[in-house]
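In the numbering used here, the protein residues as written are 499 to 660.
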């Protein structure tokens, strides 16, 4: 019996679903407020993080983005969630990975350095204020992770546990 072909079918591979992917960190302060950053190119606030680069893992992307956006990479806890984001043209569907950025001390907060060409500010926002500054599916994602904190990673679809 001969083994399977070593060469994958290029047409099959070309027809597979492709998704965008991003990774970020859920960081809190000692008052349990959530760290948000305000990009210069958006009207809404975001969690620190961003899109994966080619051949980059979600964890590596999260660490790279934290270094770029806040100036250092804190100790990270585990994966809090993977959230499937439904396609919304012009965007394809996506997988969003959210890692536990843990609780920042006042010294860590003082060490935050933003790239002024990309981020115009940061703020620790009380959990009951997230809906007023985040887009709805991101607010749902953050609330789901906060409510399930310590229970291990969770799978979400558009911020809703399935």
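Yeah, the Cβ is synthetic: ideal placement off N, Cα and C, and Gly gets one too.
Going by DSSP, name the residue or residues bridged to residue i.
| i | result |
| --- | --- |
| residue 595 | 521 and 580 |
| residue 544 | 535 |
| residue 560 | None, per the DSSP bridge assignment. |
| residue 623 | 532 |
| residue 617 | 537 |
Is the beta carbon of residue j closer than 9 Å to that of residue i?
| i | j | result |
| --- | --- | --- |
| residue 582 | residue 654 | yes |
| residue 575 | residue 548 | no |
| residue 556 | residue 595 | yes |
| residue 564 | residue 621 | no |
| residue 602 | residue 560 | no |
| residue 512 | residue 593 | no |
| residue 646 | residue 532 | no |
With distance defined between alpha-carbon atoms, name the residue in the options nearest to residue i.
| i | options | result |
| --- | --- | --- |
| residue 657 | 623, 608 and 578 | 578 |
| residue 545 | 646, 641, 615 and 511 | 641 |
| residue 541 | 651, 659, 625 and 616 | 616 |
| residue 618 | 553, 568 and 589 | 568 |
| residue 624 | 530, 514 and 651 | 530 |
| residue 614 | 566, 633, 629 and 608 | 566 |
| residue 554 | 580, 570, 585 and 518 | 518 |
| residue 571 | 585, 606 and 632 | 606 |
| residue 634 | 652, 660 and 543 | 543 |
| residue 516 | 552, 608, 651 and 604 | 552 |
| residue 626 | 612, 644, 610 and 509 | 644 |
Residue i: beta carbon under 8 Å from a heavy atom of the ligand COA?
| i | result |
| --- | --- |
| residue 603 | Of ligands this structure carries none, so the ligand COA is not represented either. |
Rounded to whole angstroms, how far is the Cβ of residue i from the Cβ of residue j, which I believe are closer than 8 Å?
| i | j | result |
| --- | --- | --- |
| residue 573 | residue 600 | 6 Å |
Secondary structure, alpha helix (DSSP H): runs of 4+ residues fully inside the stretch 631–658:
634–645
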